[in-house]
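The letter at position 347 of the sequence shown is residue 350 when you use the working numbering, and the numbering goes up by one with no holes. Structure first, commentary second.
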Amino acid sequence: MTQPDAPSHFLESLWDFFASVRLTVALLLTLAATSIFGTVIPQNQSPEAYAQHYGERLFRFLDFLDLFDMYHSWWFQLLLVLLTVNIVVCSINRLSATWKVLFPKSPGFAGSRFRKAANRTEFTVSRSLEEVRALLEPALRRRYRHTLSERTDESLFLFAEKGRWTRLGVYIVHSSVILLLLGGLLGSFFGFEGYVNIPEGGTRDSIRLRNTNQPLDLPFAIRCDDFSVSFYETGAPEEFRSGLTLLEDGKAVYQRDIVVNDPLRYEGINIFQSSYGNMRPRNLTLSFTSTESGMTYAKKATIGEPIQIPEGLGQFVVEHFHTRYQFMGMMDLGDTFLGTLTPPGKDPVEVALPLKHPDFDKMIVSRGIRKSDVIVAITDYEAGYYTGLQVNSDPGVWLVYSGFLVMIAGCFITFYMSHERIGVELVPGDKGTRVAVSGIADKNKLGMGRRVEALSRRFARRAGAEKNG
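Written as structure tokens, this is what we have:
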């Protein structure tokens, strides 16, 4: 007695393992259960935020399990690979039986099966069997792809069928799921998602990855030529637009304006308008008003460079810029420059110059909060913005789109199309020929019954018959 070959036995066992429906159910349940963690635990946030929320010990445990970037973790990708292999093996394993139906070696029909069919209608024709056959057989061939006649001792059977290929509908659905899984895996392995902030007139050729904050070089550079923002009356931003130019080897290769939900796409990389922010204003113009003479003097200002105020009113230096400045610890003045005023013979004092309130220092002096012989204000400046861009690439997206289209086609074939088989039995008798029309379908048997009724009425009119039942 020969012993089974060990490698072949192992491969057979492995095949049976992946062909198991239980494995399919287990993998789907595991993916569903783990996806709950991906929903409950916010993904791709900073480690500091996770450590603060979960505590140091729990943070380290969850980080070890890759639950903060779960959909890119090795174990989640392994589950997708196992499910893909499982679906492929199950489809191949069950395709052999379907293949025999699709491509039979000797196509044939069992007349006894049609005699017992639930969908069956009979009528009698006062013609000979051959006359009825000559009338009905061409009509049957016009409506059905495959036809066959078979004579028995008692009767003549005309068989016809169409839609044999629709039995592949379930396998088309399986292939769509495989395309979806492969697309997800391809994007997970080779795709990326990151962000970059670019000031007006600035250029960047790298981004920061969202999940690791590591830099990633792009195959081109992005230049922000222009940025504009419009606001509602409430002050909320209505639209912000970036004029971008892509550069390769210093040469412009593509230019386009983008807004939210209208990205720029180039060589498989998508650039979305994500956010914006204020840069430090430039080219300041200050005014100095003497409270004694009432004269106002305009001066250009640069951060860190002292300005001598006319009339011997002292010296002023712009030192800092704050996007949110709390005046006296209470009032938020927003974007504010801070400067130091040094009157002659007196101690220096701090002067706040908020951009949205140009007369702020005048109010401070008039109310006696700050005693001074000079009032300082910003009369002009050049505002600047930076654009926040989200940059991503998903090479598997076309596989995912294709998977959805194939799934729609597969579901339509599976649920709305069927393999139809018609049997027309011609039985000669004393008063002519009795015709029995039967139909069998692999699904939608109620619809098959209506089609048999309609076909029987059409045949009866064609042959000039009296219906028996």
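Here a beta-carbon is modelled for each residue, glycine too, at the ideal position from N, C-alpha and C.
Per DSSP, cross-strand counterpart(s) of Glu423: Residue mapping note: residue 423 aligns to position 420 of the sequence shown, counting from 1. BP columns for Glu423 point to Lys165, Ala444.
Which listed residue (Thr127, Leu14, Pro107) has its alpha carbon closest to that of Lys434: Indexing the sequence shown from 1 puts residue 434 at position 431. Here the closest residue by C-alpha is Thr127.
Let me make sure I understand the geometry here. Which of Asp228, Ser233, Ser191 has the alpha-carbon closest to that of Asn214? Your numbering for residue 214 matches position 211 in the sequence shown. By alpha-carbon distance to Asn214, the top candidate from Asp228, Ser233, Ser191 is Ser191.
Excluding sequence positions up to five away, which residues of its chain have a Cβ less than 7 Å from the Cβ of His177? Position 174 of the sequence shown holds residue 177. For His177, where only same-chain residues beyond five positions count, the Cβ hits under 7 Å are Ile90, Ser94.
Reduced DSSP category for Gln48 - H, G, I as helix; E, B as strand; rest coil: On the sequence shown, residue 48 is found 45 positions in, with the first residue counted as 1. Collapsing the DSSP output to three states places Gln48 in coil.
Contacts around Tyr53, its chain only, beta-carbon distance under 8 Å, and the 5 residues preceding and following it disregarded: Start at 1 with the first residue of the sequence shown, and residue 53 comes out as number 50. Only Phe62, Leu65, Asp66, Phe71 meet the Cβ criterion.
DSSP-derived helix/strand/coil call for Val263: The sequence position of residue 263 within the sequence shown is 260, counting from 1. Secondary structure of Val263 (DSSP, three-state): coil.
Check for me: the alpha helix (DSSP H) holding Phe67 runs from which residue to which? On the sequence shown, position 64 is the one that residue 67 refers to. Element bounds for Phe67: 59-67.
CA-to-CA distance, Ser396 to Phe275, given in whole angstroms: As a working note, residue 275 is residue 272 in the sequence shown. As a working note, residue 396 is residue 393 in the sequence shown. Rounded to the nearest angstrom, the two C-alpha atoms are 11 Å apart.
Exposure label - Asp252; buried when at least 16 CB within 10 Å: For this step, residue 252 is matched to residue 249 along the sequence shown. Result: exposed.
In chain order, which beta strand (DSSP E) runs of at least 3 residues are fully inside the region 124-160? The DSSP assignment places 149-154 as complete runs of the beta strand (DSSP E) inside the region 124-160, in order along the chain (cut-off: 3 residues).
Distance, Gln217 Cα to Val354 Cα: In the sequence shown, counting from the first residue as 1, residue 354 sits at position 351. In the sequence shown, counting from the first residue as 1, residue 217 sits at position 214. Each residue's alpha carbon lies about 41 Å from the other.
Kindly list the residues whose CB is nearer than 6 Å to the CB of Arg453, restricted to its own chain and excluding five residues on each side of it in sequence; keep chain order. To locate residue 453, count along the sequence shown from 1; it is residue 450. Apart from the 5 residues on each side of it in sequence, Arg453 has no Cβ closer than 6 Å to any other Cβ in its chain.
Just the C-alpha distance for Pro297 and Asp383, rounded to the nearest angstrom, thanks. In the sequence shown, the residue the question calls residue 297 occupies position 294. In the sequence shown, the residue the question calls residue 383 occupies position 380. The amino acid at residue 297 is misidentified as Pro; the sequence shows Gly. Whole-angstrom Cα-Cα distance: 20 Å.
List the endpoints of the continuous beta strand (DSSP E) containing Asp208. Sequence index remark: in the sequence shown, residue 208 carries index 205 (1-based). That run of the beta strand (DSSP E) goes 206-212.
Does the beta-carbon distance from Phe223 to Tyr388 come in below 8 Å? To locate residue 223, count along the sequence shown from 1; it is residue 220. To locate residue 388, count along the sequence shown from 1; it is residue 385. No.
Of the residues Asn286, Val377, Thr390, Gly467, which one's Cα is nearest the Cα of Phe340? Stepping through the sequence shown from its first residue, residue 340 is reached at position 337. If we check each option's Cα against that of Phe340, Asn286 comes out closest.
Who does Ile312 pair with in a DSSP beta bridge? Stepping through the sequence shown from its first residue, residue 312 is reached at position 309. Note: Ile312 sits in a beta bridge opposite Gly317.
Name the DSSP beta bridge partners of Ile272, please? Here residue 272 is taken as the residue at index 269 of the sequence shown, counted from 1. DSSP, once it has assigned bridges, lists Tyr269, Ser396 as partnering Ile272.
For Ala304, count neighbouring Cβ atoms within 10 angstroms of its own Cβ and tell me buried if that reaches 16, exposed if not. For this step, residue 304 is matched to residue 301 along the sequence shown. Of the residues assessed, Ala304 falls on the buried side of the cut-off, its CB having 16 or more other CB atoms within 10 angstroms.
Quick one, are the C-beta atoms of Pro202 and Met73 less than 8 Å apart? Translated into the one-based positions of the sequence shown, residue 202 becomes position 199. Translated into the one-based positions of the sequence shown, residue 73 becomes position 70. Remark: C-beta atoms of Pro202 and Met73 do not approach each other more closely than 8 Å.
Just list the alpha helix (DSSP H) runs in the region 310-383, keeping only unbroken ones of 4 residues or longer that don't cross its boundaries, in chain order. With a minimum length of 4 residues, the continuous alpha helix (DSSP H) runs that stay inside the region 310-383 are 363-369.
Ends of the alpha helix (DSSP H) at Ser191? Reading the sequence shown from its first residue, position 188 is the one you call residue 191. Residue range 172-193 is occupied by the alpha helix (DSSP H) that includes Ser191.
Keeping to the same chain, check which residues put their C-beta closer than 7 Å to that of Pro347; ignore five residues upstream and five downstream. The count along the sequence shown starts at 1 and reaches residue 347 at position 344. Taking Pro347 as the centre and dropping the five residues before and after it, the same chain places the C-beta of Gly315, Gly317 closer than 7 Å to its C-beta, in chain order.
Excluding the 5 residues flanking Lys448 on each side, which residues of the same chain have their C-beta closer than 8 Å to its C-beta? Translated into the one-based positions of the sequence shown, residue 448 becomes position 445. Around Lys448, the same chain offers Ala121, Asn122 as residues with beta carbons nearer than 8 Å, after the five sequence neighbours per side are excluded.
Using the Cα positions of Phe462 and Val135, report the straight-line distance between them to the nearest angstrom. In the sequence shown, residue 462 corresponds to position 459, counting from 1. In the sequence shown, residue 135 corresponds to position 132, counting from 1. The alpha-carbon atoms of Phe462 and Val135 are separated by roughly 9 Å.
Just tell me which of Cys227, Trp77, Pro240 has its CA closest to the CA of Ile261. Residue mapping note: residue 261 aligns to position 258 of the sequence shown, counting from 1. The residue with the shortest Cα to Cα distance from Ile261 is Cys227.
In whole angstroms, give me the CA-to-CA distance for Trp78 and Ile39. Locating residue 78 in the sequence shown gives position 75, where the first residue counts as 1. Locating residue 39 in the sequence shown gives position 36, where the first residue counts as 1. Rounded to whole angstroms, the separation of the alpha carbons of Ile39 and Trp78 is 15 Å.
Are the CB atoms of Phe193 and Pro398 within a distance shorter than 8 Å? Locating residue 398 in the sequence shown gives position 395, counting from the first residue. Locating residue 193 in the sequence shown gives position 190, counting from the first residue. Yes, the Cβ-Cβ distance between Pro398 and Phe193 is below 8 Å.
Cα-Cα, which of Val84, Met334, Val256, Gly426 is closest to Gly187? Residue mapping note: residue 187 aligns to position 184 of the sequence shown, counting from 1. Among Val84, Met334, Val256, Gly426, the Cα nearest to that of Gly187 belongs to Val84.
What does Ser233 pair with, by DSSP beta-bridge criteria? Sequence index remark: in the sequence shown, residue 233 carries index 230 (1-based). According to the DSSP secondary-structure assignment, Ser233 is paired through a beta bridge with Glu242.
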